[in-house]
Amino acid sequence: MLSIVHRLKGSAWIAVILLAMTVPAVAADRQILREAVARILNADPAGLELSPLESASDVFRIEAGAGDGASELFAASSSTLVGSLGYSGKPVDIAVVVDVSSDAAKISGAELLSHSEPILTLGIDTRDLSRYVGGFAGTDADAGLASLVRGGSLPQAVSGATVSSGAIRNAILRTGRAVARAARSEEAERAQAAAEEIENYSGLLESGAVSRLSVDFTEAREALPGYTTIEPGKDTFVELHAGVLRDNEATAKLLGQKAFARVDAERGRSETALFIAASGLYSVKGTGWRKSGVFDRLELIQGDRTIRLPSDRHFRLEELAIGGAPKFREAMVVFVPASAGFDPDKPARLDLVVTAPDKSSARFGLDLVPEGAPTGVVVQELADEREGWRLEWEARAPELAILTVMLTVLFAVLYVSGPLVRRAETYRAFRTGFLFVTLVWLGWIAGAQLSVVQVVAFIHSLLADFRWQTFLLDPLVFTLWAFVAITLVFWGRGVYCGWLCPFGALQELTNQAARRFNLRQIEIPWEIHIRLWPIKYVFLFLIVGVSLQEIGLAFRLAEVEPFKTAITLHFLRPPAFVAYALVLLFVGLFVERAFCRYLCPLGAALALPSKFKIFDWLVRRPQCGRECRLCATTCTVQAIDPIGRINPNECIYCLRCQANYHDETVCVPLKMRARRRNPTAPHDTDKAS
1 MLSIVHRLKG SAWIAVILLA MTVPAVAADR QILREAVARI LNADPAGLEL SPLESASDVF
61 RIEAGAGDGA SELFAASSST LVGSLGYSGK PVDIAVVVDV SSDAAKISGA ELLSHSEPIL
121 TLGIDTRDLS RYVGGFAGTD ADAGLASLVR GGSLPQAVSG ATVSSGAIRN AILRTGRAVA
181 RAARSEEAER AQAAAEEIEN YSGLLESGAV SRLSVDFTEA REALPGYTTI EPGKDTFVEL
241 HAGVLRDNEA TAKLLGQKAF ARVDAERGRS ETALFIAASG LYSVKGTGWR KSGVFDRLEL
301 IQGDRTIRLP SDRHFRLEEL AIGGAPKFRE AMVVFVPASA GFDPDKPARL DLVVTAPDKS
361 SARFGLDLVP EGAPTGVVVQ ELADEREGWR LEWEARAPEL AILTVMLTVL FAVLYVSGPL
421 VRRAETYRAF RTGFLFVTLV WLGWIAGAQL SVVQVVAFIH SLLADFRWQT FLLDPLVFTL
481 WAFVAITLVF WGRGVYCGWL CPFGALQELT NQAARRFNLR QIEIPWEIHI RLWPIKYVFL
541 FLIVGVSLQE IGLAFRLAEV EPFKTAITLH FLRPPAFVAY ALVLLFVGLF VERAFCRYLC
601 PLGAALALPS KFKIFDWLVR RPQCGRECRL CATTCTVQAI DPIGRINPNE CIYCLRCQAN
661 YHDETVCVPL KMRARRRNPT APHDTDKAS
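Counting in the UniProt record's numbering, the final residue of the sequence shown is number 689, and the numbers go up one at a time with none missing.
So this is what it looks like as C-alpha cells:
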C-alpha cells in the first residue's frame, strides 16, 4: 500500500513538473502572438493585452481600445487554432487578426510566424512572401473561397510557389473564419444565457429578439392622404411584431413547446423561421395570399434583395405561451426558403406595404435584425479545402488540356513506338520537338517541374495528417505524378526522366547544340561510370533520412537539384545557385545528361521501383554488345553495359537505341545483312565501336 502511495506521489510530482514546463511555453507562444499582432496593428506591444475567450482558449480578444465600438478585434495562431499544414506536411503558423461585428468579419491583417515550405525556405524573396500574407488585410472572413476568388479580392499567389501559396491562403481564411465563429459563439452563449433569463414578452422586446412597429391613425393618414375612411387619432392603425425564431430558450418560451416542436419539424434545411404578429385595424396578411401564393403586404428587405414571403410555408399561431404577450389579431410562423438567400444573422428589414382605397401605397419598416442585436449566430461553415483545389483546377483548365494532349501523345508513341523509331529522321525531329515543349511550356511557362522535395512531402504526409487536398492544389504537378505512377508500372523511370523533366530536356538540348558545334564528347570509362551511379542514391537516402529529423536541413540538401533555379525561378536566384546550375549545364555539354546520370535524387527515387515494370519492349539483337557497341556508345545516359544489356534503373527510355536498331545506315547487323544480300553493291566499311 505504501509503495502505491509513493508511486502516486511520484506521478503527482511529475505532473506538476510537466505543468510548470508548459506554462512558460504557453506564455512564450502568447508573447510571440502579441508581438505579431502589434506589428500587424502598428501598435505598442506593451499596450496590448490578449485575453483568451472562455469558449475557445486559442482565440484571444485584443484589449487595446482599437475597436470602433460596434466591432472587436480578435487574434489567433493558425497552427494552434486550425492545425494548418503546408505542402511539406509540417505546420505553417500565421498570426491572424480579425475585426468581428454582429454582421461582418474582416481580416485586419496577417503575419507569417514560421513554416517549413521548401520553395519558401530557399528561393523566394521574404518581401514577396510578406506582401502576399499581408495582402489578406480587408478580406471578408465570412465569404466563401469561391466568391473571394471570383471577386478578385485575394492577393496574387507568390510566383513559383503555387502550392505553398494555396496552403498559406487556406490557413489564413480558415483561421479568420474560425476566429469569427469563436467570437460570435461567445456572443451567442451570452445571448443564450440572456434568453434563458427572459421571463415575459417585455423581455423579448427589450432583448431585441422581437421587434415592434406601431402606426396610429394620424401617422397612417399622413402617409396616405387618400385613405379617407380613417380619421386622424391615436388609435392603433396597425401594430406589427416580428423576429427571427432561433433555436434557443427564448423561442421555446414564446411559442410553447408544441409550436416550437412544429417549427423544428417543418423547417427545411437552411430555411429561416420568422415570427410575425399584428393587431389593429389593418391586416398584415390580407386576403390576396390565397390566390397569389405570397403575402403581398409583407416584404423582407436585406441589402439590395427583396424577398416575398411564401404563403404556403406558414402556419397560424393560436396563442403565445409566454407571459405578458399581447392579444394579436394575427400571429403566424413563416418559413423563408433557402433559395431566397436570406441571412438571419445580418441586418434586415420587414416592410409592411399599406394600400389605400385610391390605390396609393406607403411602406412602414421594422428592423427585423437590428444592427448589433445578439443573434445567437451559427456561422456558415467555410467551404472546405476541396473548394480550394477545385478552383485551382478550374482556373488552370486550359493548361490541363494542353498537358493532357501532351501526355496522351507521349503514351501513344511509347505504346506503339515502331512507326516512329523505324524512321530515324522523324524520330529525331519528334524527340527534339517534344523536349523543346517540355522545357519551354511545361517547365518555364507552366512551372510543372517534379522534384525530390515532393517525394519527401508525400512521405511526411503519410507519416502525419495525410490530405489529398494539399497535393491537388497544383493540378499540373498532380497530373504529372499520376501519369508517372502509371507509366512506372509500364516502362519504369524513363518516361518522366527521358521525356517530361524540363531540366533533363534543357541538358539534352544544350548537348545537341554543343554537338552541332562539334564540341568533343567525353565518354566516361565503364568502371568509373558504374561507381558514380550510386551517388544519386546516396543523395536520395540522405535527404529522406535527414527530413525525418530536420526537414529544413533536408530541403537545403535537396538544393542538389538545380530545378528550382533553372526552371521554377528562371535563374532569378542568388549567384551561388545560378553558378551551380550553370556548372551542371556546362559539364552536360561534354557528358550528356551528366546530372541525370550521377546526381539526381529524383531519378534515384523513380529508379527504385523500375525493376518491377511490366513491359520490356526495347528490342536487342544477339550481336548487340559483341559485334556492335553503337547503342552503348550513343546511349543518352550510358545505361547499356559493355555486353549490350540495358540497365532498367538507368534507362531513360529515349528510344535512341531503338532508332539505331531499325536504321540500316548505322546498325552494323543490318549493314552486314544487306552486304550478304547484295555483295556486289558498295558498302560503308566503317565499323561502329
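Glycine residues also receive a C-beta, built at the ideal position from the N, C-alpha and C atoms.
message: Measuring alpha carbon to alpha carbon, tell me which residue in Thr229, Asn170 and Phe563 is nearest Leu281.
response: Thr229
message: Considering just the uninterrupted stretch of the beta strand (DSSP E) at Ile62, what are its terminal residues?
response: Val59 to Glu63
message: Between Leu366 and Leu462, how many whole angstroms is the CB-CB distance? I'm expecting something under 8 Å.
response: About 58 Å separates the two Cβ atoms, so there is no contact after all.
query: Quick one: is Val405 buried, meaning 16 or more other Cβ sit within 10 Å of its Cβ, or exposed?
result: exposed
- request: Tell me, please, which residues DSSP counts as bridged to Thr272.
  value: Val336
8 Å contact criterion, which Leu630 and Val668 should meet: CB distance rounded: 7 Å
message: Measuring only the C-alpha atoms, how far is Val98 from Asp140?
response: 9 Å
query: Which one or two residues does DSSP pair with Lys106 in a beta bridge?
result: Asp99 and Asp140
Segment contact flag, the segment 172-181 with the segment 71-79, C-beta cutoff 8 Å, min 3 pairs: yes
message: Need the endpoints of the alpha helix (DSSP H) that residue 693 sits in, please.
response: Shown here, the chain extends from 1 to 689; a query on residue 693 therefore has no answer.
query: Are the segment 347-354 and the segment 313-327 touching, with three or more C-beta to C-beta distances below 8 Å?
result: no
- request: Find out if the Cβ-Cβ distance for the pair Gln507, Arg428 is shorter than 8 Å.
  value: no
task: Below 6 Å CB to CB, which residues in the same chain sit around Ser610 once its five sequence neighbours on both sides are set aside?
output: Gly492, Arg493, Pro648 and Asn649
- request: Flag this pair as yes or no: are the beta carbons of Ala554 and Val546 separated by less than 8 Å?
  value: yes
- request: Assign Lys671 to buried or exposed, taking buried as 16 or more other Cβ atoms, counted over all protein chains shown, within 10 Å of its Cβ.
  value: buried
- request: Kindly list the residues whose CB is nearer than 7 Å to the CB of Ala36, restricted to its own chain and excluding five residues on each side of it in sequence; keep chain order.
  value: Ala95, Glu111 and Leu113
Cβ shell of Arg297 (< 6 Å), same chain only, five flanking positions each side left out: Val284, Gly286 and Val353
message: For Val244, count the other beta carbons within 10 Å of its own beta carbon; 16 or more makes it buried, fewer makes it exposed. Which is it?
response: buried
- request: Answer with buried or exposed for Pro502, where buried requires no fewer than 16 other C-beta atoms within 10 angstroms of its C-beta.
  value: buried
query: Could you give the C-beta distance for Val544 and Ile459, rounded to a whole number, given that I count them as a contact under 8 Å?
result: 7 Å
Beta-carbon contacts of Ala424 that lie in its chain and below 7 Å, excluding the five residues immediately before and after: Ala659 and Asp663
Cβ neighbour criterion (16 or more within 10 Å) applied to Phe571: exposed
field: Reference Ser513, options Gln623, Val591 and Ala273, closest by Cα
entry: With the sequence shown as reference, residue 513 is identified as Ala, and Ser is not the correct amino acid for it. Comparing Cα-Cα distances from Ala513 to each of Gln623, Val591 and Ala273, the minimum goes to Val591.
field: Bridge partner(s) assigned by DSSP for Ile640
entry: Ile646
Spatially closest choice to Thr130 from Ser153, Val149 and Arg169, by CA coordinates: Note that residue 130 corresponds to Ser in the displayed sequence, not to Thr. Considering only alpha carbons, the answer is Arg169.
- request: Determine the direct distance from the alpha carbon of Thr568 to that of Glu394, and round the result to whole angstroms.
  value: 22 Å
message: Measuring straight from C-alpha to C-alpha, what distance separates Arg174 and Ala43?
response: 25 Å
- request: Scan the segment 419-504 and note each continuous alpha helix (DSSP H) run of 4 residues or more that stays entirely inside, going in chain order.
  value: 424-437, 452-463, 468-472 and 475-491
Bridge-paired residues (DSSP) for residue 751: Any answer about residue 751 is impossible in this case: the structure gives the chain only from 1 up to 689.
Buried or exposed (CB count within 10 angstroms, at least 16 for buried), Arg676: exposed
field: Cα-Cα separation, Leu148 to Ala161
entry: 20 Å
- prompt: Gly144 and Pro357: beta carbons closer than 8 Å?
  reply: no
Short Cβ contact (8 Å threshold) for Trp499 with Leu450: no
message: At the level of alpha carbons, what is the spacing between Ala273 and Ile445?
response: 53 Å
query: So what's Arg308 in DSSP terms, helix, strand or just coil?
result: strand
query: Three-state secondary structure (DSSP) at Glu561?
result: coil
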